[in-house]
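Trainee: Residue numbers for the sequence shown follow the numbering used here, so the first one is 119 and each next one is one higher. So that we are looking at the same thing, I have put the structure below in C-alpha cells.
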Amino acid sequence: MTAAPWIAALALGAAAAAAGHAQAATPCADLAGLELPGATITAVKAVAVGEGQPIEVFGIPPLPAAVAYCRVDATHTPTTASAIKDEVWLPVQGARNGKYMASGNGGYGGTLGGPRLAMRAPLKQGYVVAGTDMGHTEDGSGGDAQWALNQPEKIADWGHRANHLTAAFAKALIAAHYGQAPKLSYFNGCSDGGREALMEVQRYPQDYDGVIAGAPANAWTRLMISFAWSWKALHETPESRIPDAKLAVLQKAALAQCDKLDGVADGVVEDPRRCRFDPVVVQCKAGDAADCLTPAQVAGARKIYQGPRDPRTGRALFPGYPAGAEAVTGAWPLWISGDKAQHPSFARSFFANFVYSDPSWQLAKLDLDRDAKAAQARMGKLLASDNPDLSAFKARGGKLILFHGWADAAISPYATIQYYDAVRERMGVKTADGFSRLFMVPGMSHCFGGPGPNSFDMLAVLDGWVAGGKAPDMVIAAKTNNDYAALLDMPAKAIRTRPLCAYPKVARWTGGGSTDEAANFTCAKP
Ligand SMILES: [Ca+2]
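In C-alpha cells form, the structure reads like this:
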C-alpha cells in the first residue's frame, strides 16, 4: 500500500462515519449547548419513567412517561417572520430501537398537543420521536387560522417547511446524542398530517424511509371548496338545515339498503361504492316530522353525498361523502351539519386569511366558481401534496402506506381513492405496488374511532415492510371497547377483528365461522 497515511485515515474516518460509529455521544444535559445550523435549542430536560408528559390539547392532563427520555425543545427561523417550534424525545440508550419517527400535526397546526399524543406509543417502543407546531401558536385544530393573515412565510412554514426542518434537526440531534444516525426514519400523520406526509414524500423525498399518510387533506384548496360546499348545501335556504336528530333517519335508511350488500349485517358498509343511496326514500309525504326529511333537507343531503359541482359546467370539483355513518359520534354533527360544524369554520378561515386577506370575509359571499379558481391560483401549488408522480421517493427506496376510513365525515374517503388511482395510473400499477399501499377502513371515522374495526398498528406494518421486507397485503384491525385506548395507552378488549385489504381488494366473509373473527374473511376483488 502506497497511499499516504492521511488518505487512509480519511477513508477509514469516512467509513466509520458512514457506519455511524464516528461521533462521540453527547449526554442529555449537554445537548443544551449544541450548535446546529438553523435551530435554537430552547430547553433540554431528562424525563424519568412515570413523570407527567404535558399534552395540552383536548383538556388531557399530563400523561406518565413509559420510558425515560431526553426531551429537547427547539425553535427554527428559516425566515425573519418564522418561529417554528418542535420537540424531540430521545429514549435512554437501553430503551431505544435505533429508529426515528416524526408525528404529523392536524388541522391548521399551532399546537404540539396532537403530535405529543401520537409520539407516546412509538416512544414506548423505542423510537426517537418528534413533532412540530408547524410555525405558529394559534390552536388551529378547530379551524382557526388568523395567524395566516398577510403572513406568506408562516403559510409556507405550515405548508411544507416545518416538517422538513424538524426532520433535519431530529436526525442531527440523534447523531449527536447517541453518536449514531437513525437506522431508519418514518413519518406518520393523519388528516392534515396526511397532507404533511405526502408533502414530505413529494417535496423532500430523502427525509424518510417510510411514510404513513392517513385520511390525507392533500388536495387542500379543493378540500376547502368542498367544505364551503357543505355550508352552502345546508344553508341554501333556512329550510335546508338538517337538525342533528334527523341524521339517524338518514343513517338508518342507508344501512337498511346497504349494510348487507357485503354479506354481513354489522352496521358497517364494507364498500360504500356499491351503496347508491338516495335520501328521497326518507322524504316526508307531507309537511315535516321527526322521522322524515323535508324536500329542502333531502336536497341538502343529496349535495353532501354528491360533493361540490362547478355551478356553470356541472363538473365535479371534489367527491362527496358515503352514506351509512351520518349520526355516529364525530360524524356529520361535528364536521358537516352541526351548529358549530368544522367544515364552515375551516373554509371561512381559509378564504378570509389565506386567499383574500380579508378577515371579515364570510361564507355568505361564496361564489363557488370564482373562489375555487382564486384559491387554486393563490394557494394550490404551495399547500397541495397531490402530485401523483412519486418517482423520487420510490427511487430512494421509500415505502408509502395510505389509509382512509370509509365513515370519514371530515375528508371524503373517495378523494384518497382518486389520488391513489392517479398514482397507480401515473407510475403503473406494478411499480406503484412495489412501494405503496392504500388500505380503506370500513366504518372508521376521521383518523380514529367509528362503528367498524378501527384499531391497528400501521407503524408496525410499515416497519415490517421497510425493515423486514414484508409488503403488506392485509392488516388486521380490531373494534375494541375503547376506540382511543391505543392512543392513550390504555387496556382495551377486542370485540371484533377484521382484515383491512390492500386496495382495490375488499374483505369478504368466507360464509362460515364468526363474522367477528378476521380469520373467517379473505381479501377479494370488489
Ligand atoms: Ca355490513
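We put the beta carbon where it would ideally sit given N, CA and C, even for glycine.
1) My guess is that residue 297 and residue 372 are in contact by the Cβ rule of under 8 Å, so how many angstroms apart are they, rounded?
2) At what residues does the alpha helix (DSSP H) containing residue 505 begin and finish?
3) Drop a sphere of 10 angstroms on the beta-carbon of residue 618, count the other beta-carbons inside from all chains shown, and report buried for 16 or more, exposed for fewer.
4) Since residue 376 is in the beta strand (DSSP E), which residue starts that stretch and which ends it?
5) Report the CB separation of residue 501 from residue 338 in whole angstroms; it is logged as a contact under 8 Å.
6) Using 8 Å as the threshold, is the stretch 457 to 471 in touch with the stretch 579 to 591, meaning 3 or more CB pairs across them?
7) Return the Cβ separation of residue 348 and residue 461 in integer angstroms, given the expectation that the two are a contact with Cβ distance under 8 Å.
8) According to the Cβ coordinates, are residue 368 and residue 419 closer than 8 Å?
9) Compute the Euclidean distance between the alpha carbons of residue 95 and residue 245, then round it to the nearest angstrom.
10) Once the 5 residues before and after residue 330 are set aside, which same chain residues still bring their CB inside 6 Å of it?
11) Take the Cβ of residue 515 as the centre, count every other Cβ of all protein chains shown within 10 Å, and call the residue buried at 16 or more, exposed below.
12) Taking residue 194 as part of the beta strand (DSSP E), name the residues at either end of that continuous run.
13) Taking the beta carbon of residue 289 as the centre, do at least 16 other beta carbons fall within 10 Å, making it buried, or is it exposed?
14) Compare the Cα-Cα distances from residue 208 to each of 143, 508, 178, 266 and report the closest residue.
15) Using the Cβ count rule (16 or more neighbours within 10 Å means buried), how would you classify residue 570?
16) By Cβ distance below 6 Å, which residues in the same chain neighbour residue 139 in space, the five residues on each side in sequence not counted?
17) Output the residue ranges of the alpha helix (DSSP H) runs that lie fully inside the stretch 407 to 462 and measure 4 residues or longer, sorted by chain position.
18) Specify whether the stretch 409 to 428 and the stretch 385 to 400 touch according to this definition: at least 3 beta carbon pairs, one from each stretch, less than 8 Å apart.
19) Does DSSP classify residue 305 as helix, strand or coil?
20) Assuming residue 248 contacts residue 293 (C-beta within less than 8 Å), just tell me the rounded distance between them.
21) Could you please give the first and the last residue of the uninterrupted alpha helix (DSSP H) stretch that includes residue 362?
22) Report the CB separation of residue 309 from residue 224 in whole angstroms; it is logged as a contact under 8 Å.
23) Beta carbon of residue 559, beta carbon of residue 604: below 8 Å?
24) Could you tell me if the beta carbon of residue 525 falls within a distance shorter than 7 Å of some heavy atom in ligand 1?
25) Quick one: what does DSSP say residue 589 is sitting in, helix, strand or coil?
26) By the three-class DSSP mapping on this structure, what secondary structure does residue 639 have?
27) Taking the DSSP output, what are the residues bridged to residue 401?
28) Go through its chain and collect everything with a Cβ distance to residue 434's Cβ below 7 Å, but skip five positions before and after it.
29) Count the other CB atoms within 10 Å of the CB of residue 270; is the residue buried (16 or more) or exposed (fewer)?
30) Return the residue from the list 549, 206, 573, 380 that minimises the CA-CA distance to residue 146.
31) For a test of your reading of the model: does the CB of residue 623 fall under 7 Å from any non-hydrogen atom of ligand 1? Yes or no.
32) For ligand 1, is there any heavy atom lying closer than 7 Å to the beta carbon of residue 386?
33) Note down the Cα distance separating residue 583 from residue 268, rounded to an integer number of angstroms.
34) Please go through the stretch 533 to 601 and give each complete beta strand (DSSP E) segment of 3 or more residues, from N-terminal end onward.
35) Could you check the C-alpha separation between residue 489 and residue 444 for me, to the nearest Å?
Mentor: Quick answer:
1) No, residue 297 and residue 372 are not in contact; Cβ-Cβ is about 58 Å, not under 8 Å.
2) That residue, residue 505, is in no alpha helix (DSSP H); it is neither H nor E in DSSP.
3) buried
4) Element bounds for residue 376: not the beta strand (DSSP E) but the alpha helix (DSSP H), 365 to 376.
5) 4 Å
6) no
7) 4 Å
8) yes
9) Within the shown structure, residues of the chain are numbered from 119 to 644, placing residue 95 beyond reach of any answer.
10) 306, 519, 576, 580
11) exposed
12) 187 to 194
13) buried
14) 143
15) So residue 570 counts as buried.
16) Low confidence applies here, because residue 139 scores a pLDDT of 49, under 50, leaving its location unreliable; read the following figure in that light. None.
17) 413 to 424
18) yes
19) strand
20) The pair is not a contact, with the Cβ atoms about 14 Å apart (cut-off 8 Å).
21) Counting along the chain, residue 362 falls outside any alpha helix (DSSP H), and DSSP gives it neither H nor E.
22) 5 Å
23) no
24) no
25) coil
26) strand
27) 411
28) 425, 427
29) exposed
30) 206
31) no
32) yes
33) Going by the C-alpha atoms only, they are around 43 Å apart.
34) 554 to 559, 592 to 598
35) Answer to the nearest angstrom: the Cα atoms are 28 Å apart.
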